[in-house]
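A.B. asks:
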Amino acid sequence: MRGIVVACGADQHTFADGGDAPMIRVPSRPGKAEIDPLLGEHDRLVILGTDADLAAVVLRLLRKDRVSGVSVGFVPSAADSAVAALWRLPADPAEALELALTGEDAAVPLVREDNGGVLVGRATLRDVHGQGYCDETVAFDGTAATIEVSPDAAGIAARVTRGKLVKRSTTLRGRAFQLGCHPTSLVSDGVRHPREVTKWTWYRHIEDLRLVRPAGT
């Protein structure tokens, strides 16, 4: 396994290095210039950074058709990482790094967005007025206090919460979630979309992501 540690942004933990693996330091949410040269040389990328950093790297794998050819390890820099919670990655950074470097990868759904992006952790919308579908099922029709979308073993999980004082939540699972609504804000993997959105679609990609995670999860 030819792996490399990709440390993203200014806050790159307290690690002096990546152990026996080489390390490269890149800006937050790295792009083509930083990631593409690594794809022909390394079979595993270990990402130190935020959920948004991981999403940026996974997007380059998708664009270069390397989703099935490169395994990905992740060491979250934030304690509230949705990716870490979703796939039960270790909370201790040293343990997370050890797993990312030496653990086995397993297939997990890769969620794409119809604007060309990817979702690796969680997308959140608040005070939504409109309609949403999970596959052929109506997820809501009217008003939702919050909508949270994330990858799931089935492909996508959409949690719709209604009510202001008494909240009621429903989780739907499927291969796609489509939303049409009045203009509202969208936060995806911790990054707020620069403009309000009126429609959005998340869907499972035909190839799964090879993510290093604890055995049995």
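Take the sequence shown: its position 32, counting from 1, is numbered 31 in numbering that gives the first Met the number 0, and each next residue is one higher. Glycine is no exception: its CB is placed at the ideal position from the N, C-alpha and C atoms. Please read these numbers as outputs of a predicted model, since none were measured by experiment.
Does the distance from the C-beta atom of Gly115 to that of Gly72 stay below 9 Å?
C.D. replies: As a first step, residue 115 must be located in the sequence shown, where it is residue number 116. As a first step, residue 72 must be located in the sequence shown, where it is residue number 73. In this structure, Gly72 does not lie closer than 9 Å to Gly115 by Cβ.
A.B. asks: I'd like to know whether the C-beta atoms of Pro108 and Leu98 end up nearer to each other than 9 Å.
C.D. replies: The residue labelled residue 108 in the question sits at position 109 within the sequence shown. The residue labelled residue 98 in the question sits at position 99 within the sequence shown. Their beta carbons are not under 9 Å apart, which means Pro108 does not touch Leu98 by this criterion.
A.B. asks: In chain order, what residues of the same chain lie with their CB nearer than 7 Å to the CB of Asp104, ignoring the 5 residues before and after it?
C.D. replies: As a position in the sequence shown, residue 104 is number 105, starting the count at 1. Result list for Asp104: Ser70, Arg209, Leu210 and Val211, in chain order.
A.B. asks: Could you tell me whether the Cβ atoms of Ala55 and Pro29 are closer together than 9 Å?
C.D. replies: Locating residue 55 in the sequence shown gives position 56, counting from the first residue. Locating residue 29 in the sequence shown gives position 30, counting from the first residue. Yes, these two residues count as a Cβ contact at 9 Å.
A.B. asks: Just to confirm the assignment: which complete beta strand (DSSP E) runs, minimum length 3, are found wholly within the region 8 to 83?
C.D. replies: Within the region 8 to 83, the complete beta strand (DSSP E) runs of at least 3 residues fall at 22 to 25, 43 to 48 and 70 to 75.
A.B. asks: If you draw a straight line from the C-alpha of Ile34 to the C-alpha of Thr170, how long is it?
C.D. replies: Residue mapping note: residue 34 aligns to position 35 of the sequence shown, counting from 1. Residue mapping note: residue 170 aligns to position 171 of the sequence shown, counting from 1. So the two alpha carbons sit approximately 35 Å from each other.
A.B. asks: Give the DSSP-derived three-state secondary structure of Pro108 in the structure shown.
C.D. replies: As a first step, residue 108 is located in the sequence shown; it is residue number 109 there, counting from the start. It is coil, neither helix nor strand.
A.B. asks: Taking all protein chains shown into account, do 16 or more other C-beta atoms lie within 10 angstroms of the C-beta of His41, making it buried, or fewer, making it exposed?
C.D. replies: In the sequence shown, residue 41 corresponds to position 42, counting from 1. With 16 or more Cβ atoms within 10 Å of its Cβ, His41 is classed as buried.
A.B. asks: Mapping DSSP to helix, strand and coil, what is Pro150?
C.D. replies: Within the sequence shown, numbered from 1, the residue matching residue 150 stands at position 151. Three-state result, Pro150: strand.
A.B. asks: Whose C-beta lies closer than 8 Å to the C-beta of Thr200 among residues of the same chain, with five residues either side of it excluded?
C.D. replies: Reading the sequence shown from its first residue, position 201 is the one you call residue 200. By the criterion of a C-beta distance shorter than 8 Å, Thr200 is surrounded in its chain by Glu112, Asp113, Ala175, Phe176, Gln177 and Leu178, once the five residues flanking it on both sides are discounted.
A.B. asks: Give me the Cβ distance between Ala144 and Leu185, rounded to the nearest whole Å; I'm assuming they're in contact under 8 Å.
C.D. replies: Reading the sequence shown from its first residue, position 145 is the one you call residue 144. Reading the sequence shown from its first residue, position 186 is the one you call residue 185. At roughly 15 Å, the Cβ-Cβ gap does not stay under 8 Å, so Ala144 and Leu185 are not in contact.
A.B. asks: Could you check what DSSP says for Leu124 in three-state terms: helix, strand or coil?
C.D. replies: Locating residue 124 in the sequence shown gives position 125, where the first residue counts as 1. Three-state result, Leu124: strand.
A.B. asks: With Pro92 as the anchor, note down where its alpha helix (DSSP H) starts and where it stops.
C.D. replies: By 1-based counting over the sequence shown, the position of residue 92 is 93. Pro92 to Thr101 is the extent of the alpha helix (DSSP H) around Pro92.
A.B. asks: Three-state secondary structure (DSSP) at Leu85?
C.D. replies: By one-based count along the sequence shown, residue 85 stands at place 86. DSSP places Leu85 in helix when its eight states are reduced to three.
A.B. asks: What's the C-alpha gap between Gly48 and Asp79?
C.D. replies: Position 49 of the sequence shown, counted from the start, is the residue given in the question as residue 48. Position 80 of the sequence shown, counted from the start, is the residue given in the question as residue 79. So the alpha carbons of these two residues sit roughly 12 Å apart.
A.B. asks: What does the alpha-carbon distance come out to for the pair Tyr132 and Cys180?
C.D. replies: Here residue 132 is taken as the residue at index 133 of the sequence shown, counted from 1. Here residue 180 is taken as the residue at index 181 of the sequence shown, counted from 1. In a straight line, the C-alpha of Tyr132 is about 12 Å away from that of Cys180.
A.B. asks: With a cut-off of 8 Å on the beta carbons, I'd call Val45 and Val5 a contact; round off their distance for me.
C.D. replies: As a position in the sequence shown, residue 45 is number 46, starting the count at 1. As a position in the sequence shown, residue 5 is number 6, starting the count at 1. With 8 Å as the limit, Val45 and Val5 qualify as a contact, their Cβ atoms being about 7 Å apart.
A.B. asks: Using a 10 Å radius around the Cβ and a threshold of 16 neighbouring Cβ atoms, would you call Ser67 buried or exposed?
C.D. replies: As a position in the sequence shown, residue 67 is number 68, starting the count at 1. Ser67 comes out exposed.
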